[in-house]
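Structure, as structure tokens:
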Amino acid sequence: MDFPSVLYTSTMALDGTTPIVLTALSLLLARGTRDLRLPWKWFFISNGAILLLYYFHSVSTLLINISRWGWQLIDKQYPRLNLLIAAGEKELRTGAYSAAEKSLAFAAAEAKRRGAPASKQATILRNVAEAQRSQGDWARAEQTIRQAMALISGNTGEGRTQYADCLEALADVCRDRGNYVQAQTLLQESLSAEESLPNPNPALLAKRRQKLALSYRDAGEHAAAALQFVRSLEAHEAAFGPEHAETGRMLTEADAALHQAGDYAAALGHLTRALQIHEKTLGADAPEVAQNLYCQALAYEDSGNLDQAAAQYERLLLLRGRQVAGNELELAEVLFYLSRVCLALGRLARAEEMARSAILIMEPRPGPELASTLELLAKIYERSDRQPEAASANERARLIWNSERHALRQRSGLVFSRATTPFASRSS
10 MDFPSVLYTS TMALDGTTPI VLTALSLLLA RGTRDLRLPW KWFFISNGAI LLLYYFHSVS
70 TLLINISRWG WQLIDKQYPR LNLLIAAGEK ELRTGAYSAA EKSLAFAAAE AKRRGAPASK
130 QATILRNVAE AQRSQGDWAR AEQTIRQAMA LISGNTGEGR TQYADCLEAL ADVCRDRGNY
190 VQAQTLLQES LSAEESLPNP NPALLAKRRQ KLALSYRDAG EHAAAALQFV RSLEAHEAAF
250 GPEHAETGRM LTEADAALHQ AGDYAAALGH LTRALQIHEK TLGADAPEVA QNLYCQALAY
310 EDSGNLDQAA AQYERLLLLR GRQVAGNELE LAEVLFYLSR VCLALGRLAR AEEMARSAIL
370 IMEPRPGPEL ASTLELLAKI YERSDRQPEA ASANERARLI WNSERHALRQ RSGLVFSRAT
430 TPFASRSS
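Just so you know, the working numbering puts 164 at position 155 of the sequence shown, and the rest follows in order with no gaps.
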């Protein structure tokens, strides 16, 4: 409690008490003090102070109120630092990045003006950088992170932990800019800094190992990415446990890297385990279960086990039928791949049924995916000796490919290349 509050409390306690009563209390106190051989001057001093407080109670109350009004006015001009930080962090969490940047930048300036600890200023600046990065302003984000790092460079303890966090944030910016080599270097430094601490955070280590693996994958270094994903998996198991949902997600990502590296057996082993974890922890109808089934089907298909691939696609269709909501284009993607596998297996009736179902979903929004499915249907017709229907389907596909809307879009070899799909993009 500050001094004005103490003074106000003391005077309020005296309010309504007459000077006579106060004097009598003082005399009793003085009589008690004689046994302790205290000088009488303390009686006069204490009694005088009490009477002064009594008679100047109204004046002191006015002064206290003026003081409070002054602090309220100052608070309006300069909002409290913690409130500013909380508001900015809330805006950052809800995706209001422009507003978050303004609030946190104001908080950073206020923290500097008030002489806040360097660690607090660095934390605020790191959040400012995150808001800038989320808006795609990578140059300013990098500059802000380096300002934060300059505040805490050379520190130990908490400052060292924050420095490692800033290295990770800087690596995120480099990865966004496509500078994967620099991102890998920064993440390695961040990992080393965290591991050198007396009590490193296992969850942070797992997350940074995962980011390091992703940076190798994004750079196209699939063999190195697979190795890093295995190490990340070990870190996730140590941090969360072998049966945790986070470990299951890490297994799924490790599968993708192993799949791209051509190690289908290891990829399928990870996927089987991930599927068991997700069914146990998230439920049989969870989106993660659907993704695991999809990835299993792709791995089986690429490894040449078409029967198992078809079985996994069929399981996925049953699962999608139980789910209340979902992206219809994702369903069309599953139908397309099941149709293609069935065609390869000679199950022409099932292949045609799946292709037609996919076309019904995509017809309202014709695009490259619909064109690819029409071409697949044409191949099914050709295998069934239905040449006129095959020619008609190919002609519809040709018109879509040559339409003005898609003239500038080159066929990159990815049939379903939507970035928003939770399923991995797949080479045709």
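Glycine included, C-beta positions come from ideal geometry on N, C-alpha and C.
Item: Excluding sequence positions up to five away, which residues of its chain have a Cβ less than 6 Å from the Cβ of LEU386?; Value: ALA364, ALA402
Item: Should ARG217 and GLU177 be called a contact, given that it needs their Cβ atoms to be closer than 9 Å?; Value: yes
Item: If you compare alpha carbons, which of TYR322, GLU243, SER224, LEU90 is closest to VAL190?; Value: SER224
Item: Where in the region 88-147 do unbroken runs of the alpha helix (DSSP H), each at least 4 residues long, occur, reported from the N-terminal end onward?; Value: 90-102, 106-123, 127-143
Item: Name the two residues that bound the continuous alpha helix (DSSP H) containing GLN329.; Value: Note that residue 329 corresponds to Arg in the displayed sequence, not to Gln. Start and end: 315-331.
Item: For the alpha helix (DSSP H) containing ASN403, name the first residue and the last one.; Value: 396-411
Item: Is LEU242 helix, strand or coil by DSSP?; Value: helix
Item: Quick check on the burial criterion: 16 or more other C-beta atoms within 10 angstroms. Buried or exposed for ALA416?; Value: Only weak support is given to the placement of ALA416: the predicted model assigns it a pLDDT of 44, under 50, and the value that follows is read from those uncertain coordinates. It counts as exposed.
Item: Which residues bound the alpha helix (DSSP H) around VAL342?; Value: For clarity, residue 342 is Glu in the given sequence; the question names Val instead. Looking at the DSSP string, the run of the alpha helix (DSSP H) that includes GLU342 is 337-354.
Item: Tell me the DSSP secondary structure of HIS415 in three-state form.; Value: Bear in mind that a pLDDT of 47 at HIS415, under 50, signals an unreliable position, so the number given afterwards is only what the model happens to contain. Residue state, collapsed to three classes: helix.
Item: Considering just the uninterrupted stretch of the alpha helix (DSSP H) at ALA222, what are its terminal residues?; Value: 211-227
Item: Between LEU284 and the rest of its own chain, which residues show a CB-CB distance below 6 Å, the 5 nearest in sequence each way excluded?; Value: ASN301
Item: Measuring straight from C-alpha to C-alpha, what distance separates ALA114 and ILE133?; Value: 8 Å
Item: Locate the alpha helix (DSSP H) running through LEU200, then write down its first and last residues.; Value: 189-204
Item: Identify the continuous alpha helix (DSSP H) that holds SER381 and give its terminal residues.; Value: 377-392
Item: Rounded to whole angstroms, what is the Cα-Cα separation between PRO377 and GLU362?; Value: 20 Å
Item: With a Cβ-Cβ cutoff of 9 Å, do ALA120 and GLN130 count as a contact?; Value: yes
Item: Please classify GLU98: is it buried, with 16 or more other beta-carbons within 10 angstroms of its beta-carbon, or exposed?; Value: buried
Item: Which residues bound the alpha helix (DSSP H) around LEU447?; Value: Outside the displayed span of the chain (10 to 437) sits residue 447, for which this structure offers no information.
Item: Give me, in chain order, the residues of the same chain whose beta-carbon lies closer than 6 Å to that of ALA275; leave out the 5 immediate sequence neighbours on both sides.; Value: LEU267
Item: On a Cα-Cα basis, can you pick out the residue from ARG155, ALA127, GLY271 that is closest to GLU310?; Value: GLY271
Item: Can the beta-carbon of ALA159 be found less than 9 Å from the beta-carbon of GLU151?; Value: no
Item: Any idea what DSSP makes of ALA270, helix, strand or coil?; Value: coil
Item: Once DSSP output is grouped into helix, strand and coil, what is the label at GLU252?; Value: coil
Item: What number of angstroms, rounded off, separates the C-alpha of ALA180 from the C-alpha of THR194?; Value: 8 Å
Item: Candidates GLY250, SER348, PHE249: which alpha carbon is nearest LEU315's?; Value: SER348
Item: For ARG331 versus LEU357, is the C-beta spacing smaller than 9 Å?; Value: no
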